[in-house]
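*Asks:*
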DNA sequence: CTGAAAGCGCTTACAG
DNA sequence: CTGAAAGCGCTTACAG
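Protein chains in written order, with full-length UniProt numbering: chain D, 1 to 334; chain L, 1 to 334.
1) State the DSSP-derived secondary structure class of residue 94(L), mapped to helix, strand or coil.
2) Do you know whose CA, among 233(L), 223(L), 228(L) and 208(L), lies nearest residue 215(L)'s CA?
3) Among 44(D), 276(D), 126(D) and 69(D), which one has its Cα closest to the Cα of residue 83(D)?
4) Given a cut-off of 8 Å, decide if residue 179(D) and residue 238(D) are closer than it, judged by their beta-carbon atoms.
5) Can you tell me the Cα-Cα spacing of residue 175(D) and residue 99(D), whole angstroms?
6) Return the chain-ordered list of same chain residues with a C-beta closer than 8 Å to the C-beta of residue 118(D), the five sequence neighbours on each side being excluded.
7) If you draw a straight line from the C-alpha of residue 295(L) to the C-alpha of residue 208(D), how long is it?
8) Since residue 197(D) is in the alpha helix (DSSP H), which residue starts that stretch and which ends it?
9) Just to confirm, is the Cβ distance from residue 186(D) to residue 198(D) under 8 Å?
10) I want to verify the contact list: residues of chain L whose CB lies under 7 Å from the CB of residue 335(D), in sequence order.
11) State the Cα-Cα distance for the pair residue 311(D) and residue 305(D), rounded to the nearest angstrom.
12) To which residues of the same chain is residue 54(L) closer than 7 Å at the C-beta, ignoring the five residues directly before and after it?
13) Can a CB atom of chain D be found closer than 8 Å to the CB of residue 92(L)?
14) What are the start and end residues of each continuous alpha helix (DSSP H) run of 4 or more residues lying completely inside the region 39 to 64 of chain L, in chain order?
15) In angstroms, rounded to a whole number, what distance separates the CA positions of residue 222(L) and residue 242(L)?
16) In this structure, what does DSSP give as the bridge partners for residue 288(D)?
17) Look at the Cβ atom of residue 63(L), then the Cβ atom of residue 86(L), and state whether they are nearer than 8 Å.
18) Checking contacts by CB at 8 Å: is residue 311(D) closer than that to chain L?
19) Kindly indicate the opening and closing residues of the alpha helix (DSSP H) around residue 5(L).
20) Going by other Cβ atoms of all chains shown within 10 Å of its Cβ, with 16 needed for buried, is residue 227(D) buried or exposed?
21) Among 212(D), 276(D) and 12(D), whose alpha-carbon lies nearest the alpha-carbon of residue 327(D)?
22) Which of the three DSSP states is assigned to residue 231(D) in this structure?
23) Does the separation of the CB atoms of residue 40(L) and residue 7(L) fall below 8 Å?
24) Taking the C-alpha atoms as reference points, what is the distance between residue 297(L) and residue 159(L)?
25) How many whole angstroms separate the CB atoms of residue 282(L) and residue 329(L), which I take to be in contact at a CB cut-off of 8 Å?
26) According to DSSP, what are the bridge partners of residue 108(D)?
27) Rounded to the nearest angstrom, what separates residue 121(D) and residue 170(L) at their Cα positions?
28) Spell out a yes or no on whether the region 145 to 158 of chain L and the region 250 to 270 of chain L are touching, meaning 3 or more CB-CB pairs, one atom from each, closer than 8 Å.
29) For the alpha helix (DSSP H) holding residue 161(D), just list the boundary residues, first then last.
30) With DSSP collapsed to three states, give me the class of residue 267(D).
31) So, helix, strand or coil for residue 334(D), using DSSP?
32) Taking Cβ-Cβ distances shorter than 8 Å, what residues in chain D pair up with residue 74(L)?
33) Quick check on residue 110(L) - is its C-beta less than 8 Å from some C-beta in chain D?
34) In whole angstroms, what separates the C-alpha of residue 289(D) from that of residue 246(D)?
35) Could you work out which residues of chain D lie near residue 225(L), taking near to mean beta carbons separated by less than 8 Å?
36) At the 8 Å Cβ level, is residue 54(L) part of the contact set with chain D, yes or no?
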């Protein structure tokens, strides 16, 4: 291993000078800097993060903590999220250490091991852990950002997609296409995302002074989150808002099997713009979440906290806008 | 921050004793160990990875390097792979730092930054980079394991799925179901995986003294890997081996559109057992790759290299068996 | 069983 | 513009 000391010896200077030169600090002549950098390159010198970290007390690593049950998802949504995050981190010279939060560790309120070993400066929690876990981790002295879920903890930084507003807009669109009888597919008691999506639809109906018919509320999963068979109401609305594309896909299958054509007899919209939106026939009008922007905002927030621009104190809940993707699953029935 | 020194002061011993106690080394009375551990817990002591790393010269971090073009994949196959790897790493008290290899860095033969900064002890390359990159990285003094692709570098550790043998078995199965005219869908010049899958089929045909009809070879993508429209041969074989499920899915669509029923008129098999295998009608008989085992073997190999059980020297190419998943896309035509 | 000393590779604060 | 000294938190090798 080549150290600054080795370069110093060879160059006939002190390690202090080498350190200054390689870090482009003042107090070394340009000529000397050039020479030292050249030597470092020739000798295959590599920085030693641990030594730097010892002095600064910072590691430039961030833990990304994903509860186990979200990391097994077929579509790897959270892993894609993680991939966005590390790209942003890298642009700030940070690294992201992924840790999966096992249900065991979640139960026992264990902080991520990488953080406990001082391998990381902060933790981005990606996906909603149990309430007690959130409370516990908030109490510890851990720089935290919560990503993609709410919490009612006051002293928390939260970045979420604007579920509410996106479905509000989506429903406005349905109404602009002449729909007055609108249903919702989803169990509003499983996650706050689904609940907010439901409420977004509800707000749009309220604003247009349209009633919501409880019989048009179709559950798609049990309270534990497992999909159940969809039960269609006897009389159908002219359009369904589905809480996600996967369920939109299943609903269209169900409707087709009953001889009901989409969108001719019934319109359907989804949420996520994932693979199910393009695989269904017809492809779904849906909402695309802005993963990249969410990752960017959450990461920036974390780095602000760590590098302590003290002006940017206080906590915040940041909502990131999604965008509607128009496809062929909605009919204008005006 | 609490240090060993703080604990030592409070306990009235030296840091050496604290270090020994917390690391469960010999030379401290059980009574004292218990007391020190209790104090450490009470005081919220956290290990300091950087300090340990300075002495040992090791970080217990591994870089997982994925070329950019594999990390954008819709199904996030490589990210799922990464997720398996970190689970194995964690069980050995290691951490995985994901780095995406940009085409720029690939062109300029840049080693992953986390490695250059001595943040990691080794690199697992996941997914095939350019030939020049592989050559360069092999020459540098980096502990390396290549995962999920071949290289003709002799001094390399390689862990791949046994594409060849799996498709050989899959084709044997087709033949056992009475098929004699068997086609292949895939461009054999894009990746070594596809090539090996083709050769596995070919071996099975050879063994059964069946000819391979060049007209049954259907290309599915251009040499750059982009999907192209499938062109069916005028006369169809009784079965097609597809190089992946996605193409199997597309082929079945194509056949259905031409009024050809699967499996009644033509059987189809795929590879990967991904979402396309279950989404196609009928669902595909296919090969499931053993991600978990591959991750386990690759990770173990890396740790062996680092912890230098010198007996386990030398390099190897390790093939991991997949398994056939039987579904409804093959007809017995005996 | 316990501890004083040295050192891992670097940077900061100070002196020249 | 350059460098000697101290220290970041820990562990190893040695002495008692």
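For glycine and all other residues, C-beta sits at the position ideal for the given N, C-alpha and C.
*Replies:* In terms of the structure at hand:
1) coil
2) 233(L)
3) 126(D)
4) yes
5) 44 Å
6) 59
7) 55 Å
8) 192 to 207
9) yes
10) This structure cannot speak to residue 335(D), because chain D is shown only from 1 to 334.
11) The pLDDT assigned to residue 311(D) is 46, lower than 50, so where the model puts this residue is not dependable; a value taken from the coordinates is nonetheless given after this. Rounded to the nearest angstrom, the two C-alpha atoms are 10 Å apart.
12) none
13) no
14) 49 to 56
15) 16 Å
16) 272(D) and 323(D)
17) no
18) Note that residue 311(D) scores 46 on pLDDT, short of 50, meaning its location in the model is unreliable; the coordinates nonetheless yield the value given after this. Cβ-Cβ to chain L under 8 Å: no for residue 311(D).
19) 4 to 11
20) exposed
21) 276(D)
22) coil
23) yes
24) 7 Å
25) 5 Å
26) DSSP lists no partner for residue 108(D).
27) 50 Å
28) no
29) No alpha helix (DSSP H) holds residue 161(D); the beta strand (DSSP E) holding it covers 158 to 161.
30) strand
31) coil
32) 275
33) no
34) 15 Å
35) Correct list: empty, because the minimum Cβ distance to chain D is about 19 Å.
36) yes
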